Amino acid sequence: MTKLRAAITGIGAYVPEYVLNNEELSRMVDTSDEWIMTRVGIKERRILKTPGAGSSDLGAAAIQQLLEKTGTNPEDIDLLICATVTPDHPFPATSAIICDKTNLKNAFAFDLNAGCSGFLFAINTASQFIEAGNYKKIIVVGAEKMSTITDYTDRTTCPLFGDGAGAVLLEPNTEDLGIIDSILHTDGAGRQYLYMKAGGSVHPSSKATVENREHFIHQEGQPVFKAAVSRMADVSAEMMEKHNLTADDLAWLVPHQANLRIIDATAKRMGLDPSKVMINIERYGNTTSATLPLCLWEWESKLKKGDNIILATFGAGFTWGSIYLKWAYDGDKI
Ligand code: UT7
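Residue numbers in the sequence shown follow the working numbering, run continuously in steps of one, and reach 336 at the last position.
Pasting the structure below:
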């Protein structure tokens, strides 16, 4: 019997208009374009400035484009998974709000938080529903308004993050295209290196937590960097070995965009030519759950049916992993 696989059959994305470049950042904190470009590789990031707009608005815009591009009736969507660390509210789920904003009237929906690996974990989750034969059309969206949890007085974190959203449609495939394999990991022992101190059930919001600036991203860069380099590279190489894939067999690596040096180390470990690595960190920074779909969106016209692609991430938790998929359509015909 032919195996049922979950294949990505369309991509939509949205980034806000406002561009926060390194020059403007250098006027806000003691930093420079030279330091940010050399250490991280980011030139600019997008910021959502619209009053009252949140991650759901970014996600809804990405999904609107996805529905239009694929000619999909919103009422045909069975499930929406929203990967985010910046939900509109602690509850209800941002996915519920997005369903309302995009008329996904027949979908059930939930949020998934796996830090920067959220999109990867979410498409793995979605693929299980499709492989089981339960659902036919699932949307996974990564939507982040990182600017709301970024401390623009902290030079060690504020250059890193940006806002944006990307969404994919997943559908059943019987041609052996789509998601072939996933290797996913979590190690909560790394949690103290990258987290938000307050606003949850351990340290609820209070005057003191606000005064101590505890509602922003707290990161100890070095330990996160070291773990990201080894684990993202290891899990990508492991996926290649598991499927006997050589660098020549691979068409693309789609890496999480946190630091150009982490991406380069991963590609090097895989023996991949830089021309096969999707990199747009320079223009968007780290958009957390949105980095992978934003890459796929920008590279869509270059993707060909049958392309071997590895997606790889590392993020807060710690969480990390890789997914091996065979691309299901010719992107230049969209
Ligand atoms: O997506 C989720 C996962 N996150 C990641 O993967 C991020 C992993 N970490 C990193 O990418 C890097 O650790 C950072 C980009 C965050 C920092 O780069 P680094 O090379 O690890 O720098 P560092 O933290 O060791 O700091 C080196 C120096 C320090 O000065 P001293 O102590 O050597 O005098 C910092 O104070 O650079 C200084 N520094 C800055 N200087 C100018 C830190 N931030 C800045 C800045 N501008 N923005």
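Virtual Cβ for every residue (Gly too), placed ideally from N, Cα, C.
These figures come from a predicted structure and were not determined experimentally.
What does the alpha-carbon distance come out to for the pair residue i and residue j?
i: Phe131; j: Gly164; result: 31 Å
i: Tyr137; j: Thr155; result: 46 Å
i: Arg263; j: Leu122; result: 21 Å
i: Leu172; j: Ala229; result: 31 Å
i: Thr4; j: Glu177; result: 8 Å
i: Ala191; j: Tyr16; result: 34 Å
i: Lys199; j: Glu19; result: 30 Å
i: Gly120; j: Leu313; result: 12 Å
i: Gly399; j: Thr315; result: Outside the displayed range of the chain (3 to 336) lies residue 399, so it cannot be described from this structure.
i: Tyr195; j: Trp37; result: 22 Å
i: Gln224; j: Lys107; result: 45 Å
i: Glu329; j: Pro161; result: Correcting the residue identity first, residue 329 is Trp in this sequence and not Glu. Answer to the nearest angstrom: the Cα atoms are 33 Å apart.
i: Ala55; j: Thr248; result: 45 Å
i: Thr1; j: Arg157; result: Coverage of the chain is limited to positions 3 through 336, which leaves residue 1 absent and any answer about it impossible.
i: Asp183; j: His245; result: 9 Å
i: Gly168; j: Lys209; result: 35 Å
i: Ala9; j: Tyr197; result: 33 Å
i: Thr52; j: Ser238; result: 38 Å
i: Val256; j: Gly180; result: 15 Å
i: Thr188; j: Val204; result: 21 Å
i: Ile141; j: Glu213; result: 39 Å
i: Val50; j: Leu27; result: The residue you asked about is not Val; residue 50 is Leu in the sequence shown. Rounded to whole angstroms, Leu50 to Leu27 spans 16 Å at the Cα level.
i: Ser277; j: Lys270; result: 12 Å
i: Val170; j: Leu22; result: 27 Å
i: Met39; j: Gly14; result: 28 Å
i: Ser2; j: Asp113; result: A query on residue 2 cannot be resolved here, the shown segment of the chain reaching from 3 to 336 and no further.
i: Lys306; j: Leu252; result: 12 Å
i: Gly43; j: Cys297; result: 16 Å
i: Phe227; j: Glu25; result: 25 Å
i: Arg41; j: Thr159; result: 12 Å
i: Leu186; j: His220; result: 24 Å
i: Asp334; j: Val31; result: 42 Å
i: Tyr331; j: Asp309; result: 9 Å
i: Glu222; j: Arg193; result: 11 Å
i: Phe93; j: Asp275; result: 44 Å
i: Thr72; j: Ser232; result: 38 Å
What first and last residue would you give for the alpha helix (DSSP H) that runs through residue i?
i: Pro295; result: Thr293 to Trp301
i: Gly1; result: Residue numbering for the chain in the displayed model covers 3 to 336; residue 1 lies beyond these limits and cannot be assessed.
i: Glu70; result: Ser57 to Thr72
i: Thr40; result: Asp35 to Arg41
Would you give the residue range spanned by the beta strand (DSSP E) that residue i belongs to?
i: Arg157; result: Neither: Arg157 is in no beta strand (DSSP E) and is coded neither H nor E.
i: Glu146; result: Ile140 to Glu146
i: Glu25; result: Glu25 -> not in any beta strand (DSSP E); alpha helix (DSSP H) instead, spanning Asn24 to Met30.
i: Ala1; result: The question about residue 1 has no answer here: the residues shown for the chain are numbered 3 through 336.
i: Lys328; result: Thr321 to Lys328
For residue i, which three-state DSSP category applies?
i: Pro89; result: coil
i: Ile151; result: helix
i: Ala109; result: coil
i: Thr315; result: strand
i: Ile100; result: helix
i: Asp309; result: coil
i: Ile281; result: coil
i: Gly190; result: helix
i: Asp80; result: coil
i: Glu46; result: strand
i: Asn126; result: helix
i: Ile336; result: coil
i: Asp183; result: strand
i: Tyr20; result: strand
Run through the segment 192-275 for me and flag every whole alpha helix (DSSP H) of 4 or more residues, listed as ranges in chain order. Counting only runs of 4 or more, we get 209-213, 223-244 and 262-272.
Any contact of the segment 274-292 with the segment 247-265, i.e. 3+ C-beta pairs under 8 Å? With the cut-off at 8 Å, the segment 274-292 and the segment 247-265 touch.
Would you call the segment 99-118 and the segment 72-89 in contact, with 3 or more CB pairs under 8 Å? Yes, since at least three Cβ pairs between the segment 99-118 and the segment 72-89 fall closer than 8 Å, the two stretches touch.
Using 8 Å as the threshold, is the segment 84-91 in touch with the segment 144-151, meaning 3 or more CB pairs across them? Segments in contact, yes.
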